[in-house]
Amino acid sequence: MNIFRLAGDVCHLVAIIILLLKIWRSRSCAGISGKSQVLFAIVFTTRYLDLFTVFISPYNTIMKVVFLALSYATVYLIYMRFRNTFNSENDSFRLEFLLVPVIGLSFLENYAFTPLEILWTFSIFLESVAIMPQLFMITKTGEAESITTHYLFFLGLYRALYIANWVWRYHTEGFFDQIAVVSGVVQTIFYIDFFYLYVTKVLRGRGKMTLP
Amino acid sequence: CHRVGVKDEL
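Protein chains in written order, with this note's numbering: chain A, 42 to 253; chain B, 12 to 21.
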């Protein structure tokens, strides 16, 4: 554990809580991609199956359970509790375009050809593209509420901090997880364009982010 | 140095 890892996990948690609170307080999930949230729930479910096979630390176990619970709570709010506010016409990203290549790649490139390792690899690859339906939705509608942009900012910050964590671990422990690092870098690239818009539009302006 | 089955990151 190092400061980058810890800060990254905290940002991840903050992002998820921001989204959950936004939906809960406004009683609305307008502007939120339910598909992205379902993908994140699948990511946590397939990655944290090792809760049943290995014990790493109390921190590790607690965080995994919290991430799982919060991601399912988010999906529940979007598709059940506040489904009448869910804008499904704009959440039209075709999931098969993500799932088919990700499933294929996780069978081709993994650390061991066992169900748990393939599912872990699948979750790593899927996480790297899971935000695409949300970014697609913002591009399609041309705007995002500022609270949604704060959510995306913390998610992107979490990814950037994980890269710092890997640089740190490589130099201090010689640790290098090529699957996590390559897909982590790819994932962070998706946020760079958004970061630029966030700084120039949301932080310097007020209210909604509108695309040029 | 990757250990199969033990992933300490989240």
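For every residue, glycine included, the Cβ atom is placed at its ideal position computed from N, Cα and C.
ask   = Thinking C-beta only, is T229 of chain A closer than 8 angstroms to R342 of chain A?
value = Look at the range of chain A in this structure, 42 to 253, and you will see that residue 342 of chain A is not part of it.
ask   = Using a Cβ cut-off of 8 angstroms, which residues of the stretch 99-133 of chain A contact any Cβ in chain B, in chain order?
value = N101, M104, K105, F108
query = Quick one: Cα of D132 of chain A to Cα of G75 of chain A, how far?
reply = Translated into positions along the first sequence, residue 132 of chain A becomes position 91. Translated into positions along the first sequence, residue 75 of chain A becomes position 34. Cα to Cα, the separation comes out at about 7 angstroms.
ask   = Tell me which same chain residues have a C-beta within less than 7 angstroms of the C-beta of S187 of chain A, skipping the five on either side of it?
value = Locating residue 187 of chain A in the first sequence gives position 146, counting from the first residue. If we look at S187 of chain A and ignore the five residues flanking it on each side, its Cβ neighbours are V243, G248, K249, M250.
query = Among A:N151, A:W65, A:V95, A:G225, which residue has its Cα nearest to the Cα of L196 of chain A?
reply = Locating residue 196 of chain A in the first sequence gives position 155, where the first residue counts as 1. Between L196 of chain A and the set A:N151, A:W65, A:V95, A:G225, the nearest pair of CA atoms involves A:G225.
task = Please report the Cβ distance between K63 of chain A and L21 of chain B, rounded to the nearest whole angstrom; I am assuming they are in contact, meaning their Cβ atoms lie under 8 angstroms.
result = Along the first sequence, one-based indexing puts residue 63 of chain A at 22. Along the second sequence, one-based indexing puts residue 21 of chain B at 10. At roughly 23 angstroms, the Cβ-Cβ gap does not stay under 8 angstroms, so K63 of chain A and L21 of chain B are not in contact.
message = Considering only their Cβ atoms, is the gap separating H191 of chain A from I59 of chain A smaller than 8 angstroms?
response = Within the first sequence, the letter at position 18 stands for residue 59 of chain A. Within the first sequence, the letter at position 150 stands for residue 191 of chain A. A contact, by the Cβ cut-off of 8 angstroms.
message = Here's the rule I'm using: 16 or more other beta-carbon atoms within 10 Å means buried, otherwise exposed. How should I103 of chain A be labelled?
response = If you number the first sequence from 1, residue 103 of chain A lands on position 62. Exposed is the call here.
query = Ends of the alpha helix (DSSP H) at L60 of chain A?
reply = Residue numbering aside, residue 60 of chain A sits at position 19 when the first sequence is read from its first letter. Per DSSP, L60 of chain A belongs to the alpha helix (DSSP H) from 44-67.
task = Express the C-alpha separation of V51 of chain A and Y203 of chain A in angstroms, rounding to a whole number.
result = If you number the first sequence from 1, residue 203 of chain A lands on position 162. If you number the first sequence from 1, residue 51 of chain A lands on position 10. So the alpha carbons of these two residues sit roughly 11 angstroms apart.
request  = Classify P253 of chain A as helix, strand or coil using the three-state DSSP reduction.
outcome  = The residue labelled residue 253 of chain A in the question sits at position 212 within the first sequence. DSSP places P253 of chain A in coil when its eight states are reduced to three.
task = Compute the distance between the beta-carbons of Y239 of chain A and F166 of chain A, then report whether it is under 8 angstroms.
result = On the first sequence, residue 239 of chain A is found 198 positions in, with the first residue counted as 1. On the first sequence, residue 166 of chain A is found 125 positions in, with the first residue counted as 1. Not a contact, by the Cβ cut-off of 8 angstroms.
query = For L47 of chain A, is the classification buried or exposed, using 16 other Cβ atoms within 10 angstroms of its Cβ as the cut-off for buried?
reply = Along the first sequence, one-based indexing puts residue 47 of chain A at 6. Label assigned to L47 of chain A: exposed.
key: Cutoff 8 angstroms: I44 of chain A Cβ touching any chain B Cβ   = By one-based count along the first sequence, residue 44 of chain A stands at place 3. By this cut-off, I44 of chain A is not an interface position.
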